[in-house]
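Residue numbers (the numbering used here): 61 to 229.
Idealized CB from N, CA, C, for every residue including glycine.
All remarks here apply to the structure that follows.
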């Protein structure tokens, strides 16, 4: 069996491109997000919008299609998805993810928005989806792309992802 020697960063770049070009399919197939009754918009360009030295990967908002009266209680929530793609574990990654969450929390009010962070690991090897420090806990969804059901991927426009090799070295 041949071994793929491409750098892991190539898989990271490829998956980011797939997510940006096919966001509805990526959210549905990879992250199991229900898109019914919602309108998807890319909120910010990929990377570079952060005050931090490392840019965020992709930000999407899922806005509810049906408008409720402004005096409705509770106020409708719009989901803000922050998607990071990590080819390999990296020191300080969870701290960066928390810092991104803080920036998004400043930008989107809690009354109308829910921030959901998703991390895709194109080569597998993802973490537990929890950052803990000094009494603080941040939960995020950590998805190992090779573990996503091949049937689910093959039956979607993301079928090419099923052909990715399971090893990189």
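- Report the residue from 140, 214, 83, 101 whose alpha carbon sits nearest the alpha carbon of residue 171. Here residue 171 corresponds to residue number 111 of the chain shown, with the count starting at 1. Distance check between residue 171 and each of 140, 214, 83, 101 places 140 closest, using alpha-carbon atoms only.
- How would you call residue 145, buried or exposed, if buried means at least 16 neighbouring beta carbons within 10 angstroms? Here the question's residue 145 lines up with position 85 in the chain shown. With 16 or more other CB atoms across the displayed protein chains lying within 10 angstroms of its CB, residue 145 is buried.
- Spatial distance of residue 219 from residue 194 (CA atoms): Your numbering for residue 219 matches position 159 in the chain shown. Your numbering for residue 194 matches position 134 in the chain shown. Their backbone Cα atoms lie some 42 Å apart in a straight line.
- Message: Closer than 8 Å is the cut-off here; do at least three beta carbon pairs connect the stretch 174-190 with the stretch 202-209?
- Response: A contact exists between the stretch 174-190 and the stretch 202-209.
- Message: Taking the alpha carbon of residue 118 as the reference point, which residue from 81, 152, 137 has its own alpha carbon closest?
- Response: Residue numbering aside, residue 118 sits at position 58 when the chain shown is read from its first letter. Ranked by Cα distance from residue 118, the options 81, 152, 137 are led by 81.
- Message: If you follow the beta strand (DSSP E) that residue 82 is in, where does it begin and where does it stop?
- Response: Walking along the chain shown from the start, residue 82 turns up at place 22. Segment: none, residue 82 is in no beta strand (DSSP E) and carries neither H nor E.
- Query: Does the beta-carbon distance from residue 83 to residue 100 come in below 7 Å?
  - Reply: Start at 1 with the first residue of the chain shown, and residue 83 comes out as number 23. Start at 1 with the first residue of the chain shown, and residue 100 comes out as number 40. Yes; because the gap between Cβ atoms is below 7 Å, this pair is in contact.
- Measure the alpha-carbon distance for residue 166 versus residue 152 and round it to whole angstroms. Residue mapping note: residue 166 aligns to position 106 of the chain shown, counting from 1. Residue mapping note: residue 152 aligns to position 92 of the chain shown, counting from 1. Rounded to whole angstroms, the gap between the alpha carbons of residue 166 and residue 152 is 22 Å.
- Less than 7 Å separating the beta-carbons of residue 121 and residue 72? Along the chain shown, read from residue 1 onward, the residue named residue 121 stands at position 61. Along the chain shown, read from residue 1 onward, the residue named residue 72 stands at position 12. Pairing residue 121 with residue 72 gives a Cβ-Cβ distance that is not under 7 Å.
- Query: What do you get for residue 157, buried or exposed, if any count of 16 or more other CB atoms within 10 angstroms of its CB means buried?
  - Reply: Indexing the chain shown from 1 puts residue 157 at position 97. Residue environment for residue 157: buried (at least 16 other C-beta atoms within 10 angstroms of its C-beta).
- Closer than 7 Å by C-beta to residue 161: which residues in its own chain qualify, once you throw out the five before and the five after it? Chain order, please. In the chain shown, counting from the first residue as 1, residue 161 sits at position 101. The beta carbon of residue 161 sits closer than 7 Å to those of 175, 177, 198, all from its chain and outside the five residues before and after it, given in chain order.
- Message: Using 8 Å for Cβ pairs, my map puts residue 90 next to residue 190. What's the rounded Cβ distance?
- Response: As a first step, residue 90 is located in the chain shown; it is residue number 30 there, counting from the start. As a first step, residue 190 is located in the chain shown; it is residue number 130 there, counting from the start. Incorrect: roughly 20 Å between the Cβ atoms, too far for contact.
- Report the rounded CA-to-CA distance for residue 164 versus residue 103, giving the unit in angstroms. On the chain shown, residue 164 is found 104 positions in, with the first residue counted as 1. On the chain shown, residue 103 is found 43 positions in, with the first residue counted as 1. In a straight line, the C-alpha of residue 164 is about 11 Å away from that of residue 103.
- Query: At which residues does the alpha helix (DSSP H) containing residue 166 begin and terminate?
  - Reply: Taking the chain shown and counting its residues from 1, one reaches residue 166 at position 106. First-last of the alpha helix (DSSP H) with residue 166: 153-167.
- Short Cβ contact (7 Å threshold) for residue 217 with residue 85: Mapped onto the chain shown, residue 217 falls at position 157. Mapped onto the chain shown, residue 85 falls at position 25. One thing to note: residue 217 has its Cβ within 7 Å of the Cβ of residue 85.
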